[in-house]
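J.:
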Amino acid sequence: MSIMISNTISNTIRNSALDPAQTPAVAEDTKKVTGTQAPDEAGRPEDLKESHPLAPVTDEYIPEEKKEPTGRYWMETDENGKSKIHFDDPNPDRAQKEEKADAPANDRKTGSSKKPETCTANTDKVDREIERLKKKLAELEQQLNTETDERKIKQLESELAQVQNELRQKDNDTYRRQHTQFTYS
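Taking my numbering, the leading residue of the sequence shown gets 2, the next gets one more, and so forth.
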């Protein structure tokens with residue numbers, strides 16, 4: 002029932018909008034188009050159609066002027082894919098003076114570039130410390146096996162537990178990395 006009523010209402014509205022006798026305002030605004038123009042000729046004046054054909058639209062590169070440095074830091078990746086920090090120094094004179102001051106006197110005279118730096122990691126000290134703890138652990142275990150006195154056994158067991166705990170803390174890669182000595186040349 003409701004569908005029939007809505008269809009009747011929509012048909013009535015549609016018919017009244019199309020019938021100019023029912024809506025005089027619509028009849029005055031409606032004008033009949035007598036002639037049609039081709040779509041390409043519709044928007045151009047007659048004199049421009051033949052004398053000036055349309056040029057193809059192209060993009061044009063306009064280079065920008067270099068911006069003033071603002072003192073901004075930013076990250077970029079170099080050609081090897083490593084992250085690199087850049088600084089946009091507002092005082093380029095200061096940066097050039099620092100570079101000249103850092104260069105050794107003989108490099109300035111000869112004009113040679115800097116030698117590449119090398120970094121050497123040394124874990125010998127850590128390795129010796131771990132070996133010393135392992136030897137002490139072996140000695141304490143041997144003394145504990147041969148000892149008969151109860152007080153001495155308890156003392157050796159506590160020392161053995163301390164050495165085992167220290168060895169557990171130091172005999173790993175994290176401790177080695179933290180206590181590695183680096184030399185730069």
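The C-beta atom is built at its ideal place from N, Cα and C for all residues, glycine as well.
Alpha carbons only, please: which of TYR185, LYS137, HIS180 is nearest the one belonging to ASN166?
T.: LYS137
J.: Can you have a look at VAL58 and say buried or exposed, based on whether 16 or more other CB atoms are within 10 angstroms of its CB?
T.: exposed
J.: Answer with buried or exposed for LEU55, where buried requires no fewer than 16 other C-beta atoms within 10 angstroms of its C-beta.
T.: exposed
J.: Return the CA-CA distance between ASN75 and ASP172, expressed in angstroms with no decimal places.
T.: What sits at residue 75 in the sequence shown is Trp, not Asn. The straight-line gap from Cα to Cα measures roughly 40 Å.
J.: In the DSSP output, what is GLN182 paired with across the bridge?
T.: ASN123
J.: Verify whether the separation of the beta carbon atoms of LEU141 and GLU160 is less than 8 Å.
T.: yes
J.: Identify whether LYS85 lies in helix, strand or coil by the three-state DSSP scheme.
T.: strand
J.: Can you tell me which of GLY82, TYR62, ARG73 puts its alpha carbon nearest to the alpha carbon of PRO91?
T.: ARG73
J.: Please check the pair ASN123 and GLN182, which I expect to be a contact at CB under 8 Å, by giving their CB distance rounded to whole angstroms.
T.: Between GLN182 and ASN123 the Cβ distance is about 5 Å, and since that is below 8 Å, they are a contact.
J.: Are the CB atoms of GLU80 and HIS87 nearer to each other than 8 Å?
T.: no
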